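Remarks on the structure that follows.
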Amino acid sequence: AVDDDLYWNSYLQNQAAFLDERLVLTVGLGYGQQHYNDAPTRKGDVTPNASLLYHLTPQLAVYTSYATSYSPSDPTREDFAGNRNFRPETGVNHEVGVKYDTSDRRSSVAVALFRTERQDVVTQDTSLGPVNGNGNIYYLQGGGQEAQGAELNGETHLTDNWRLNATFAYLDASYGAGAFPRPVAKTPEYSWSLFTRYDVTDGPLRDLGLNLGVVWQDERLGGNGARTAASPDPLMLPSFFRVDAGLHYKFNRRWDASLNVANVLDETILVDGTTGANLQVAAPRTFSVRIGCTF
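Under this note's numbering, the residues of the sequence shown are numbered 3 to 297, in order.
Structure, rendered in structure tokens:
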């Protein structure tokens with residue numbers, strides 16, 4: 003049998019500028035619900051957010067932000083007794099940062115420091131065995147996760163039609179309680195990416211665009227579980243590189259098309275798994291075509 007559920011959310015946001023537009027204030031509210039066929043409706047909390055940006059100079063700005071989140075649970079997940087419908091996960095994020103744009107607006111760099119706290123996190127449990135009485139992987143709820151880190155982002159236009167973007171992130175994450183607070187599942191400590199795009203602006207290939215990207219992630223704990231006394235040596239997934247590429251062509255003002263290739267080098271990338279018997283591998287080299295029309 004297939005269980006259907008419906009999730010909807012609404013969002014309201016407003017932005018205002020002060021002091022000759024040097025100070026920009028943004029505030030917003032969100033709300034959502036999840037409706038099940040065989041369980042009570044989950045009503046989300048109102049999730050407020052706010053950010054404040056101040057231009058110290060026309061090129062240099064500092065900002066701070068506060069955001070809350072509400073994530074409904076996966077209705078197919080079960081605990082050891084076979085029960086479903088875990089409580090929604092909630093979270094709070096604080097961030098401060100600084101951004102600098104060159105006077106010609108061709109390059110920019112931004113640095114951000116952040117801290118995130120999540121409650122009612124659902125994690126895979128193996129303390130009572132590999133599967134529950136239904137033969138399914140089972141989960142446990144009630145713990146929290148904390149993470150703090152830094153992110154560096156830079157972008158530059160090497161020419162008017164050639165753009166380069168790079169990011170680097172450091173993340174220190176831990177479970178809020180328990181004898182083994184680290185590592186947190188599926189959370190690399192270090193990661194970086196490099197993307198570039200070139201658009202042909204004249205000649206027979208005018209309106210053709212090419213993009214290339216490289217993504218790297220550090221090793222990370224597999225599955226949704228944590229190190230426990232019953233599982234003191236969880237499976238660590240190795241670090242990986244992934245190369246993506248694409249072609250884009252604009253036929254006219256309304257029609258465009260693109261060909262994207264993910265995992266160009268067809269690398270074997272492990273994305274999940276708690277033991278060698280249930281490893282999940284990312285998609286191999288994948289081609290996708292998109293055709294768009296603007297009305």
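Don't be surprised by glycine CBs; every beta carbon is placed ideally from N, CA and C.
All values derive from a computational prediction rather than experimental measurement.
Given a cut-off of 8 Å on the beta-carbon distance, is the pair residue i and residue j in contact?
| i | j | result |
| --- | --- | --- |
| Gln36 | Asp7 | yes |
| Gln121 | Ile139 | no |
| Pro50 | Pro74 | no |
| Gln150 | Phe116 | yes |
| Val94 | Glu119 | yes |
| Gly211 | His250 | yes |
| Ala175 | Glu148 | yes |
| Ser241 | Val217 | no |
| Val124 | Phe170 | no |
| His96 | Tyr65 | no |
| Asp246 | Gly215 | yes |
| Leu173 | Thr161 | no |
| Ile281 | Leu267 | Before going on, a small fix: residue 281 reads as Leu here, not Ile. In this structure, Leu267 does not lie closer than 8 Å to Leu281 by Cβ. |
Tell me which residue opens and which closes the beta strand (DSSP E) that residue i is part of.
| i | result |
| --- | --- |
| Arg208 | Per DSSP, Arg208 belongs to no beta strand (DSSP E) and is neither H nor E. |
| Leu154 | Tyr140 to Thr161 |
| Phe187 | The residue asked about is misnamed: residue 187 is Ala in this sequence, not Phe. Here Ala187 belongs to no beta strand (DSSP E), and DSSP marks it neither H nor E. |
| Ile293 | Thr288 to Cys295 |
| Ser109 | Ser109 to Asp127 |
| Leu130 | First-last for Leu130: undefined, no H or E at that position. |
| Val22 | Sequence check: residue 22 is Asp here, not Val. It is not in any beta strand (DSSP E) - Asp22 carries neither H nor E in the DSSP assignment. |
| Val273 | Leu272 to Asp274 |
| Phe170 | Trp164 to Tyr177 |
Which partner residues does residue i have in the DSSP bridge list?
| i | result |
| --- | --- |
| Ala63 | His57 and Lys101 |
| Leu249 | Leu212 and Leu261 |
| Ser195 | Thr169 and Val217 |
| Asn16 | Val29 |
| Glu80 | Tyr140 |
| Pro74 | BP columns for Pro74 are empty, so no partner. |
| Asn51 | Gly30 and Ala69 |
| Phe243 | Trp218 |
| Asp106 | In DSSP, Asp106 forms no bridge with anything. |
Could you tell me the distance, in whole angstroms, from the CA atom of residue i to the CA atom of residue j?
| i | j | result |
| --- | --- | --- |
| Gly275 | Leu223 | 9 Å |
| Ser193 | Gln219 | 4 Å |
| Pro286 | Leu237 | 22 Å |
| Asp22 | His57 | 10 Å |
| Thr270 | Phe243 | 10 Å |
| Leu54 | Phe20 | 11 Å |
| Ala83 | Gly145 | 18 Å |
| Gly137 | Pro77 | 17 Å |
| Asn254 | Lys101 | 35 Å |
| Ser290 | Tyr72 | 32 Å |
| Val4 | Arg79 | Model confidence at Val4 stands at a pLDDT of 44, short of 50, so the residue's coordinates are unreliable and nothing is read from them. |
| Asn155 | Tyr141 | 36 Å |
| Val111 | Ser105 | 13 Å |
| Tyr9 | Leu207 | 45 Å |
| Gln61 | Ser109 | 11 Å |
Please confirm if residue i has its CB atom under 8 Å from at least one CB of chain D.
| i | result |
| --- | --- |
| Ser290 | Absent here is chain D; the protein component of the structure consists of one chain. |
Original post:
Should the segment 195-213 be called in touch with the segment 161-179, which here means at least 3 C-beta pairs below 8 Å?
Top reply: yes
Original post:
For the 8 Å Cβ check, are there 3 or more pairs between the segment 14-27 and the segment 38-48?
Top reply: As far as the Cβ criterion goes, the segment 14-27 does not touch the segment 38-48, which means the pair count is below three.
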